[in-house]
Amino acid sequence: MSKTLKFLGAAGATLFAALPAFAQEAAEKAADGAAAVAVAVADGPIKAPTVEQMAGMVDKGDTTWMLISSALVLLMSIPALALFYGGLVRTKNMLSLLMQVFMIVSVAALVWVTYGYSLAFTSGNAFIGGFSKIFLQGVNATTYAATFSNNVYIPEYAFVVFQMTFACITPALIVGAFAERIKFTPLMIFTVLWLTFAYFPIAHMVWYWAGPDFLVDAPTDMGLLWGWGALDFAGGTVVHINAGIAGLVGCLIVGKRIGHGKEATPPHSMTMTMIGASLLWVGWFGFNAGSNLEANGLAALAFINTFVATAAAAVAWCLIEQFHHGKPSLLGAVTGAVAGLVAITPASGFAAPMTSILLGFAASGLCYVFVAYVKNKLGYDDTLDVFGVHGIGGIVGAIATGVVADPALGGQGWIDYTVFPAIPGEYDMAGQVMTQVWAVGTTVLWTAVVSAILFYGLKFITGLRPAEDAEREGLDITEHGERAYNY
Amino acid sequence: MSKTLKFLGAAGATLFAALPAFAQEAAEKAADGAAAVAVAVADGPIKAPTVEQMAGMVDKGDTTWMLISSALVLLMSIPALALFYGGLVRTKNMLSLLMQVFMIVSVAALVWVTYGYSLAFTSGNAFIGGFSKIFLQGVNATTYAATFSNNVYIPEYAFVVFQMTFACITPALIVGAFAERIKFTPLMIFTVLWLTFAYFPIAHMVWYWAGPDFLVDAPTDMGLLWGWGALDFAGGTVVHINAGIAGLVGCLIVGKRIGHGKEATPPHSMTMTMIGASLLWVGWFGFNAGSNLEANGLAALAFINTFVATAAAAVAWCLIEQFHHGKPSLLGAVTGAVAGLVAITPASGFAAPMTSILLGFAASGLCYVFVAYVKNKLGYDDTLDVFGVHGIGGIVGAIATGVVADPALGGQGWIDYTVFPAIPGEYDMAGQVMTQVWAVGTTVLWTAVVSAILFYGLKFITGLRPAEDAEREGLDITEHGERAYNY
Amino acid sequence: MSKTLKFLGAAGATLFAALPAFAQEAAEKAADGAAAVAVAVADGPIKAPTVEQMAGMVDKGDTTWMLISSALVLLMSIPALALFYGGLVRTKNMLSLLMQVFMIVSVAALVWVTYGYSLAFTSGNAFIGGFSKIFLQGVNATTYAATFSNNVYIPEYAFVVFQMTFACITPALIVGAFAERIKFTPLMIFTVLWLTFAYFPIAHMVWYWAGPDFLVDAPTDMGLLWGWGALDFAGGTVVHINAGIAGLVGCLIVGKRIGHGKEATPPHSMTMTMIGASLLWVGWFGFNAGSNLEANGLAALAFINTFVATAAAAVAWCLIEQFHHGKPSLLGAVTGAVAGLVAITPASGFAAPMTSILLGFAASGLCYVFVAYVKNKLGYDDTLDVFGVHGIGGIVGAIATGVVADPALGGQGWIDYTVFPAIPGEYDMAGQVMTQVWAVGTTVLWTAVVSAILFYGLKFITGLRPAEDAEREGLDITEHGERAYNY
Amino acid sequence: MKYIIAIIKPHKLDPVREALTALGVSGMTVTEVKGFGRQKGQTEIYRGAEYATNMVPKVKIEVACASDQATAVVEAIQQAAETGAIGDGKIFEFELAGALRIRTGDTNETAL
Amino acid sequence: MKYIIAIIKPHKLDPVREALTALGVSGMTVTEVKGFGRQKGQTEIYRGAEYATNMVPKVKIEVACASDQATAVVEAIQQAAETGAIGDGKIFEFELAGALRIRTGDTNETAL
Amino acid sequence: MKYIIAIIKPHKLDPVREALTALGVSGMTVTEVKGFGRQKGQTEIYRGAEYATNMVPKVKIEVACASDQATAVVEAIQQAAETGAIGDGKIFEFELAGALRIRTGDTNETAL
Ligand SMILES: Nc1ncnc2c1ncn2[C@@H]1O[C@H](COP(=O)(O)OP(=O)(O)O)[C@@H](O)[C@H]1O
Ligand SMILES: Nc1ncnc2c1ncn2[C@@H]1O[C@H](COP(=O)(O)OP(=O)(O)O)[C@@H](O)[C@H]1O
Ligand SMILES: Nc1ncnc2c1ncn2[C@@H]1O[C@H](COP(=O)(O)OP(=O)(O)O)[C@@H](O)[C@H]1O
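Chains as they are written, first to last, in numbering that gives the first Met the number 0: chain C, 0 to 486; chain U, 0 to 486; chain A, 0 to 486; chain P, 0 to 111; chain B, 0 to 111; chain V, 0 to 111.
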């Protein structure tokens, strides 16, 4: 891709919803129900509005959307992810999975408000933010966060909490890779360190920028990958590739489960796994469509893309199983669905429904290959296929985003925020795909190195695995002194 | 009812919220938070607005409402319906139910965006739409769908996805009727065909119209039942009667389970059934109140009606059991609740809370009679009472809607969209009830014929039932090679 | 506290969002996306607006927020609370818990719309409202309820249904105290009576007032505790202390379970308990942030406080267990989380995130002491620690609210509604804490007396406990003739 | 008296119960077990990877009966439980030294 | 040595366990089973339709004991488990040919 | 023929199964049970309150074998199941009066 600085992002539908009208009638920009904007309309949008002016640029529909989206993303972690993972392990480790996810969420939330938000979403350098909002100082009920549209703001707390849910779920995704054989305390320490050295930097690199009303005057205040023009609507790199690679590194360093490959370890409750997958699907609408930060046509687009890509991926996996083994399985269907959800994540606000379906099909097939063949060939024990589904699905989705975002394919293209108000940029598919590849590569490298250092460090300092007998008895009893079931 | 063409629909609360004020102060119409409408206010509402004008008639509060309602309706299918049904079957068939519902949702979503939306919601004839939006062509993030109020629009993708969730859940409802004895592949084929020949036409007949700003100039561009003036707020006919009758036909053609009537088949997990029923209740708010397409007082009315009718129906069923068997059961309570939810569906935006309670009581009692007596008398094996609850509850609700909508009983009446802007029409209860009966009859007939043809066809072409031994062993293993639980 | 009448409440962020700007630019008050307010802006806010004027003061974003919050609070009862409680009892009593919660919700909903809303939220005396809205008369789709901001209204049905969900969950909370040993019918009777004599009066005392546009002219039209200036954002007194004390009284009067203290009664399914706790957490956002009645920065504040206080409390409980028993348990984690949720409830809209974290830590520790020591010392059999968690957590939270609300600690202070438009009042921490103590004391006394009378009355009239053999066999079979599981 | 333990396929429980009832057997006790035998278990497939499971769900039936009834009971079970496919299960026969009905205190044959 | 198998009502497990402990029995093994007997099962009602179930949840207790303790064990179980209602269950007594404690290798009486 | 019943710790099931397979035992039946014995159960802690549970999850293994194989089977189980900690379990041995393979009708030794 050309080295020229490009500013891309989720298209500002509010502004471009009625492009033909745009030039002619400024009044139309009063669109989308925001009286707020009406204030601005008189003399056009306001560059770099003050906080007082921002207060008039908030729409309660957006605020509601961000809050409920945050609740949906929390739902994805607890109970959804916990159940999806928990159902797949043996009874004796069920409770440990539930506990790990529940406590990772709790710990991550505290880390996020303490310094995570500041490191990820304040100005610093291209790699990491600063400490200006440590302990959320300066954030209050009357500060606002920018969206992708000029002169549209949301309460900053809503932005903080929405992003918080992402910081909560990402480390929780990792645990699936070494499920059934990890000690609890080192895992908690890992969570804090990994957030600090892998998640916050990558979130900053991918998502931090000065905002559409400020970027023109601060053309270098942004994260590295954002500056490259990498497209990642809802966190394909930050969440899924990040977690997928960390999981792979983790399962390699932690080592295989006792009996791996010899004993079959059938899911102890496909019912729980199905509940988890279903709630993941439901919650993912908050994840993807919520990432639009506004409740407009683009949010609806991200929503429908999330729906159909997932459906396509579930169908694809079932068809593969039907041809390959003669029977479609529920585990296959839900695995496919999650692969589809992962793959559509970076593309959800850029693709069209029909290209989303194709992306869902493709991601499902590629993840199948990794989960069913590559893993067994290479012999690593990624218990719940965190790498195979989140890593591979994330990479497929991130790169494919460069293709499906092309307006020629019905995509949303990119928005040039270097002009004020922002306008759509010209699309170069090949260049964009290269940018995506670079972004993926950077993420993979960063998280792999950080994760490896952390896992090795903890292995030597605290140890990562329980004693062999404890592993055989199950982590529920040995780590937590409880059983999941006492029927 | 008079044959005069009447145009009814969910009342446009935005416009009529302040009826007395209506005539006097046009400015008041700026009501309900839509700056958008403010544009229109100057010279009154705009007839047949352009897409550019529509962009200014969208409220982000409505958009949020439609998106979250869509998520809630998906929640109703997965995991809610799957758990509600799954908990009631024997362990050996649990996974098959989960799989059926999960995959029906996936397949239906793909069919919907491919051609379903076009067939249901574009102009065609009175029975079916056309192919103008096949593959969602012409739909994008800047097109809009009409609501029931003049000059209030929502992003078309939000409308597409909301309606999609209805197309997903309806065929999933049917499977309860022949649970524990159906092959998976024919079921998937049935789903596609039934959507095409039963669901899309009926949805078109009941729900398609040109919209409040367009109907005046296109007085015949509407579905058959809509044109008759049939009231169906949230899908009593399209969803519940439709599925209930298809289920009855299905269970008759598929035949009884082996051992039916001889062996008791206690629910394998009332816990799952209770979770399912609870989530159905929660999700149904999206279904019913979401069907208002706007977040206003009417949506709140539909919400509270949905709540109290359900509560009343649950209480009624328990009281019947208390008197009849001496003990109220949880299965009774949740069955009653679902009967109440079904019955209030068509009436939810028309009734008052107190008449909703009466409707809930009545529906519960009538469903009880069918489930506890009629089914056993007639001897058909409707495994999970799809006909007894959705069919009967749906019919009771659809007909009673004609009664409870009467403004004399605190109902919302109907809106005459043949004038612009629309005004409330004069209410004729007897006539309306007759219209409702006709609508029910048409739906019953259509779906019964289509379903019978499809089930018989598949019976002869692919077969519908697994081998006897496979049925005994359970569909989980024989159809999907998995077990729901491996404790 | 000074006897001077003070009018406190959740701060009206809409008005005070941009305080500096407030005086200077009236136009800025068009803030937060409400065209509606724009109507008012011309000549400043309207005192005591007519219903027609209110119609122009409604924001669809708020309406959506209140409806979805209501759905979330229903989710808290069913399935969340039912599962949280049910997972903790023995298998033989699982279904009885599910049934009790499900039917309490149903019965309470009917009572609420019949006369509860009228008793709680109409003008009467300081202790109880009147019958003017009995059977919801006078409430319809075009009436509105006040929020905490001048000239901001929501559809009254939305307010009715939101408050309804609180009336549904509160009696359901109580059943945990005497789980595994209560007859179903007396429990239903208790529910109706307790709502009538404990819940409705206390809700009236704490929450009823004339509204910000009316209070100036009706300075005595309010509930007792509201008049005192007690701060209770989302129901610490009305819901948690109320239920916690009723539970304590109940478990004392009902008596201990057979075998209490001798037999271990391990939770039959920590999986269900974890699902319940997770959904409680998710739903609690509707409970707390929804209590703001508007979707603005304050709602976002309540949301984030709810998130981090809970996380802190979960972490705190785990740390205590780690030091005390060497292992953190899942039961500990979820109990801590619920304690945090309870404690932050009254403070959620007043505290800052950092003080919320401290509150979460403190509440967790204090609840731990009660649950792990005091209960065993005193020997009462509060099966699921309703008193230990909801009672104690509620009291801690209610009193601490007086501290954390202090603007000096980053809190939101209180709003003086005796001037129009309302302005922030001057904060007196010591005085406020005393007010809180008085409010807590009043609530404790009221509910203890009412509960004791009701439980004793029912004990003598209908009996409260099943026969010893029935208790041993389990309430599922003896009270409902069903089992929770038939694997 | 004899005590018969039979391990059968789960879906054969109903036919076996009917066969025994027809024979006049007054009671039996049923346990869900897992069997390991020649039938090496279905090949189970998880996410495309195949595993040979060796634990197959079975049902264990225990019947106490008078000695002269034992042969008939064994035969009835065998006929009802047979599918001819591997994994049909086993029937084991034991001497029963004593029996007692808790409700009445009846002992031995009369207790069954 | 004797091996006692008792089928009892689930809620009688605790009293039985206490009775046996009082007797000095050092261990027992408990299994959840389903019983089929004279007690034809509660009539269960699903959605208004009645079914006679014939499978009733029971608990099976297994106790190995010295021969001279056997009568006491049987009596203790009978007394603790009796309700007088149908379905109270049965007690079966077997000859136990050998016993071994895995931990120590102790055999027979000393192993119990 | 002999019938061996062993009560072992759940996580010892796989080693025991392997040991028996190595010995040429052709089948076994496994049941999840709860054990009550010297091992008085972990002290379980619920919300800070400690309870001594006396029911510990165990696995019961049943193996029918030829009489001359019995000692080997018992030894194999003991070795594989031993941890040396309390609660390792017991092995009981019974006379087996008869055996039958349902699929083929084979009886006694050939049925195993
Ligand atoms: N020696 C044995 N001791 C105890 N149970 C056995 C033995 N052999 C087989 N079984 C039980 O019988 C079941 C069926 O045996 P299997 O060898 O698979 O088939 P088949 O009886 O048709 O040869 C096994 O799953 C197991 O439960
Ligand atoms: N012949 C038998 N063999 C094995 N178990 C039996 C037999 N008869 C009864 N049982 C067990 O004893 C239980 C109680 O027997 P039942 O006939 O119902 O009552 P009662 O012992 O009071 O006559 C049954 O549920 C069953 O588990
Ligand atoms: N007398 C007995 N009869 C039947 N089962 C027994 C008996 N004693 C012990 N068991 C079983 O053996 C298990 C282990 O016994 P326990 O006394 O706890 O340990 P150990 O065998 O190491 O002394 C118990 O949990 C129980 O299931």
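Just so it is clear, CB atoms sit at the ideal spot from N, CA and C, and this is done for glycine as well.
Closer than 7 Å: residue i CB and nearest ligand 1 heavy atom
i, result
"U/T491", "This structure cannot speak to residue 491 of chain U, because chain U is shown only from 0 to 486."
"V/A63", "yes"
"V/V32", "no"
"U/R482", "no"
"V/V24", "yes"
Three-state class that DSSP yields for residue i in the structure shown
i, result
"U/M56", "coil"
"U/A421", "coil"
"A/I257", "coil"
"A/P154", "strand"
"U/T190", "helix"
"B/R100", "strand"
"U/D487", "This structure leaves residue 487 of chain U out entirely; chain U is present only between 0 and 486."
"C/A202", "helix"
"U/W208", "strand"
"U/Y143", "strand"
Listed by chain order, chain U residues near residue i by CB distance under 7 Å
i, result
"B/G86", "Neighbours of B/G86 on chain U: none; closest Cβ ~17 Å, over 7 Å."
When the options are compared against residue i, the one with the closest alpha-carbon
i, options, result
"P/V62", "P/T30, P/T82, P/E81, P/R46", "P/T30"
"A/D475", "U/D380, U/R464, U/L329, U/Y455", "U/L329"
Any non-hydrogen atom of ligand 2 closer than 7 Å to residue i Cβ
i, result
"B/F35", "yes"
"A/G364", "no"
Closer than 8 Å at the beta carbon, the chain P residues around residue i
i, result
"V/A98", "K89, I90, F91, E92"
CB contact below 8 Å: residue i versus chain D
i, result
"A/L292", "The structure shown contains no chain D; its protein chains are C, U, A, P, B and V."
Chain-ordered neighbours of residue i on chain C, where CB pairs are closer than 8 Å
i, result
"P/T103", "Going along chain C, no residue has its Cβ under 8 Å from P/T103, so there is no contact; the nearest lies around 31 Å."
Closer than 8 Å at the beta carbon, the chain A residues around residue i
i, result
"C/G480", "H324, K326, S328"
In chain order, what residues of the stretch 241 to 274 of chain A put their CB closer than 8 Å to some CB of chain B? G258, E262
The stretch 22 to 50 of chain P: positions lying closer than 7 Å to chain C by Cβ: E43, I44, Y45, R46, G47, A48, Y50
So if I threshold CB-CB distances at 9 Å, which residues from the stretch 105 to 130 of chain U count as touching chain C? Within the stretch 105 to 130 of chain U, those residues whose Cβ lies closer than 9 Å to any Cβ of chain C are, in chain order, S105, V106, A107, A108, L109, W111, V112, T113.
Check each residue of the stretch 464 to 476 of chain C: if its Cβ is closer than 8 Å to any Cβ of chain V, include it; give the result in chain order. D468, R471, E472, G473, I476
Listed from N- to C-terminal order along the chain, which residues in the stretch 47 to 78 of chain B have their beta-carbon within a distance smaller than 8 Å of any beta-carbon of chain P? For the stretch 47 to 78 of chain B, residues whose beta-carbon sits nearer than 8 Å to a beta-carbon of chain P comprise N53, M54, K57, K59, V73, I76, Q77.
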